[in-house]
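The next block holds one structure in the form of structure tokens; read it before the comments.
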Amino acid sequence: MKSEFAFIALPISALVAPSTFAVQYLTVEQAQRAIFPNKSLTAAPVKLTPAQRKAIEQASGVRVLHDDQQVWQVSGGGWFIVDEVVGKHEFITYAVGLNANGSVKQIEVMDYRETYGGEIRNENWRAQFVGKTSQSQLKLDRDIKNISGATLSCRHITDGVKRLVAFYEVALKR
Amino acid sequence: MKSRSTVEIRRCRPLLGTFVEVAGAATNAATLERGIIAAFAAVEKVHRLMSFHDPDSDVSRMNRDAFPKSVIVHPWTWKVLEAAQRFARESHGVFDIATARFLASWGYFPGCQHQPDNAATWRDIFLRKNCRVFFRRKLIIDLGGIAKGFAVDRAVAALKASGVKAGIVNAGGDLRVFGPISRIIHVRHPAEPTVAAAAVRLSQRAMATSGVYFARRKHRGQYVSPLLDGCTGRFARELISVTVAADECVVADALTKIVFALRKQAAGLLDQYRADALILERDALPSSKFNLSCDIADRTRFD
Chain A
3 MKSEFAFIAL
13 PISALVAPST
23 FAVQYLTVEQ
33 AQRAIFPNKS
43 LTAAPVKLTP
53 AQRKAIEQAS
63 GVRVLHDDQQ
73 VWQVSGGGWF
83 IVDEVVGKHE
93 FITYAVGLNA
103 NGSVKQIEVM
113 DYRETYGGEI
123 RNENWRAQFV
133 GKTSQSQLKL
143 DRDIKNISGA
153 TLSCRHITDG
163 VKRLVAFYEV
173 ALKR
Chain B
13 MKSRSTVEIR
23 RCRPLLGTFV
33 EVAGAATNAA
43 TLERGIIAAF
53 AAVEKVHRLM
63 SFHDPDSDVS
73 RMNRDAFPKS
83 VIVHPWTWKV
93 LEAAQRFARE
103 SHGVFDIATA
113 RFLASWGYFP
123 GCQHQPDNAA
133 TWRDIFLRKN
143 CRVFFRRKLI
153 IDLGGIAKGF
163 AVDRAVAALK
173 ASGVKAGIVN
183 AGGDLRVFGP
193 ISRIIHVRHP
203 AEPTVAAAAV
213 RLSQRAMATS
223 GVYFARRKHR
233 GQYVSPLLDG
243 CTGRFARELI
253 SVTVAADECV
263 VADALTKIVF
273 ALRKQAAGLL
283 DQYRADALIL
293 ERDALPSSKF
303 NLSCDIADRT
313 RFD
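Protein chains in written order, with our numbering: chain A, 3 to 176; chain B, 13 to 315.
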């Protein structure tokens, strides 16, 4: 099978139009099956009191933005939690599976969405592609499936998980 | 009438400090699920072995004890060290895993306790048989410039070993496509990283991109970045990105750093590895070097 690496110049309209990269990896049910296969889960949502919220923030060093947390108890022990983090450019919904002792079993990203800042400010860049209109059918706002180039660090999720481990200590642990 | 339907699964987990995506296609869903689990297990293993911050990783153990003593590392860590030293030799020190000393002083590793010898380089790293490593001077190594690529290759190997015939693994932009498929990969605009600036069609190949946009920091009023020339200690400040395609992701990963520093002077090394490079600059036309027989003016290849 021939290997190819060929550069495609994008049509100018593609550069001006805003682009979004969004992927749904798992629904809640699929995430539950991925992390706790063959277990039954019971919804046990938590609403934090101001005291709990403060305790979590102090223990983790991470701010708590919502008092409501979507939690499921896993048969045989463990918890399944759905959480979301918002960064400068990204919105991420993810699931964390905790073992019975509160340690992290597995993390799965459920929804990942990157937003954009707007039009390209540099006119020179745009000018390069004038006249190089390609027959390409690429519609950036729909067809971006794979990206190369450093993506954003997963620091927000790492902080989120830190917060959830503290949440377990404060609100879930027996 | 029999029909074979293909199952496609795509999963993502935060690992290696970024988002790692594993996608596969197979006719058997169970095979695919097992393959994806094995792929993530491989990435997690690389994460545990090569994390700079985890005190139990091979990297931390080396940074603590490879001078003046020695450390025995996992065979995977060993493979990465061997590759890193080879790239250092071939790039005459432009690629150098011992440059963590610069990064540490610029605040990239908060809480770092090490006090390295400022004259130390890759030449002070010695690899002995049975996975033993020692340093001739006190130095700090960081495998961040090569570990992601290696992790991608290991994940692909795990998928193949599980019987998955086609897929993609993407670790924060370092990626590899395998099997009888081709995929369009979008490359970020170096000055506007949330916008795509170019697209590349990839088949049975790996690709890595280095750009300063997300890794820049301010240090004493100036921008610094972790992409630096190991020989001069000078760092890359322009908003450009370098994309390299090669057979293996570990090679693509390391070569991006070398091409970033050497630009067109890296041509010989690209030839040697049958690698291709695409350079995107802020106020210039994209420049590229293709080693494979593909005609970039031929638009009939693209859909």
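Heads up, the beta-carbon is just placed ideally off N, CA and C, and yes, glycines get one too.
Give the single residue among the options whose Cα lies nearest to the Cα of residue i.
i, options, result
"aspartate 108 of chain B", "B:Val189, B:Ala78, B:Ile137", "B:Ile137"
"proline 47 of chain A", "A:Cys156, A:Asp161, A:Asp85", "A:Asp85"
"glutamine 34 of chain A", "A:Lys175, A:Leu174, A:Leu100", "A:Leu100"
"phenylalanine 93 of chain A", "A:Arg157, A:Gln32, A:Thr51", "A:Arg157"
"aspartate 66 of chain B", "B:Gly29, B:Thr43, B:Glu102", "B:Gly29"
"glycine 105 of chain B", "B:Leu292, B:Ala287, B:Leu267", "B:Leu267"
"glutamine 71 of chain A", "A:Leu50, A:Val64, A:Trp81, A:Asp161", "A:Leu50"
"valine 71 of chain B", "B:Thr39, B:His86, B:Gly36", "B:His86"
"isoleucine 159 of chain A", "A:Lys175, A:Val106, A:Glu171, A:Ser42", "A:Val106"
"histidine 68 of chain A", "A:Gln75, A:Gly79, A:Pro52", "A:Pro52"
"serine 82 of chain B", "B:Pro26, B:Lys150, B:Phe64, B:Arg46", "B:Lys150"
"leucine 139 of chain B", "B:Gly47, B:Gln97, B:Val19, B:Thr111", "B:Gln97"
"glycine 78 of chain A", "A:Thr117, A:Phe169, A:Lys41", "A:Lys41"
"arginine 60 of chain B", "B:Arg22, B:Thr111, B:Gly156", "B:Gly156"
"alanine 38 of chain B", "B:Trp88, B:Glu20, B:Thr133, B:Asp68", "B:Glu20"
"alanine 273 of chain B", "B:Leu214, B:Trp90, B:Ala289, B:Arg213", "B:Ala289"
"serine 155 of chain A", "A:Tyr114, A:Glu171, A:Gln32, A:Val30", "A:Tyr114"
"leucine 27 of chain B", "B:Lys160, B:Ala131, B:Asp68", "B:Lys160"
"alanine 110 of chain B", "B:Phe99, B:Thr133, B:Trp90, B:Trp88", "B:Thr133"
For residue i, would you say it is in contact with chain B, using Cβ-to-Cβ distances shorter than 8 Å as the test?
i, result
"arginine 155 of chain A", "Sequence inspection shows serine at residue 155 of chain A; the arginine mentioned does not correspond to that position. Yes, its Cβ sits closer than 8 Å to a Cβ of chain B."
"valine 111 of chain A", "yes"
"threonine 160 of chain A", "yes"
"tyrosine 27 of chain A", "yes"
"arginine 165 of chain A", "no"
"glycine 133 of chain A", "Low confidence applies here, because glycine 133 of chain A scores a pLDDT of 31, under 50, leaving its location unreliable; read the following figure in that light. Closer than 8 Å: no."
"alanine 168 of chain A", "no"
For chain A, find out if any of its Cβ atoms is closer than 8 Å to the Cβ of residue i; answer yes or no.
i, result
"proline 26 of chain B", "yes"
"serine 17 of chain B", "no"
Given a cut-off of 8 Å, decide if residue j and residue i are closer than it, judged by their beta-carbon atoms.
i, j, result
"methionine 62 of chain B", "valine 92 of chain B", "yes"
"alanine 210 of chain B", "leucine 282 of chain B", "no"
"serine 17 of chain B", "isoleucine 270 of chain B", "no"
"isoleucine 9 of chain B", "alanine 78 of chain B", "Outside the modelled stretch of chain B, which goes from 13 to 315, sits residue 9 of chain B, for which no answer is possible."
"isoleucine 153 of chain B", "alanine 35 of chain B", "no"
"aspartate 186 of chain B", "valine 164 of chain B", "yes"
"serine 194 of chain B", "threonine 43 of chain B", "no"
"phenylalanine 162 of chain B", "valine 254 of chain B", "no"
"isoleucine 83 of chain A", "arginine 25 of chain B", "no"
"lysine 164 of chain A", "valine 73 of chain A", "no"
"alanine 264 of chain B", "valine 55 of chain B", "no"
"asparagine 40 of chain B", "isoleucine 84 of chain B", "no"
"lysine 175 of chain A", "glycine 80 of chain A", "no"
"valine 66 of chain A", "leucine 166 of chain A", "no"
"glutamine 75 of chain A", "alanine 173 of chain A", "no"
"glycine 162 of chain A", "valine 87 of chain A", "yes"
"arginine 76 of chain B", "isoleucine 48 of chain B", "no"
In chain B, what lies closer than 8 Å to residue i by C-beta?
i, result
"tyrosine 114 of chain A", "Cys24, Phe31"
Are any of the Cβ atoms in chain D nearer than 8 Å to that of residue i?
i, result
"phenylalanine 107 of chain B", "In the structure shown, chain D cannot be found, because the protein chains are A and B."
Query raised in the report: Is there contact here, the stretch 48-61 of chain A with the stretch 22-35 of chain A, by at least three beta-carbon pairs under 8 Å?
Result: no
Query raised in the report: Quick check: the stretch 258-270 of chain B against the stretch 215-222 of chain B, are there 3 or more CB pairs under 8 Å?
Result: yes
Report task. Would you be able to state if there are at least three C-beta pairs under 8 Å between the stretch 166-173 of chain B and the stretch 139-148 of chain B? Result -> no
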